[in-house]
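Residue numbers (this note's numbering): 318 to 386.
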């Protein structure tokens, strides 16, 4: 998954990002990624194409507050 201008949100360069995805079979996966100099994050995935993500949400780790954890 790569952030771009077609639906994924981009972040500041060097941001730590939490990514939560749900697969087509209903499995929930949690990833951690860091953005590059352009604010683009990439999550490597080895899952078969038939069971890839159905939807993902991402937000900077720094946006979480103590009362939310």
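Glycine is no exception: its CB is placed at the ideal position from the N, C-alpha and C atoms.
For residue i, does the count of other Cβ atoms within 10 angstroms reach 16, so buried, or fall short, so exposed?
i	result
residue 324	Residue placement at residue 324 is flagged as unreliable, the pLDDT there being 47, under the threshold of 50; a coordinate-derived value is accordingly withheld.
residue 334	buried
residue 328	buried
residue 354	exposed
residue 361	exposed
residue 332	buried
At what residues does the beta strand (DSSP E) containing residue i begin and finish?
i	result
residue 371	370–377
residue 335	333–340
residue 347	345–351
Quick test of your reading: residue i and residue j, contact by CB under 8 Å. State the CB separation rounded to the nearest angstrom.
i	j	result
residue 330	residue 352	6 Å
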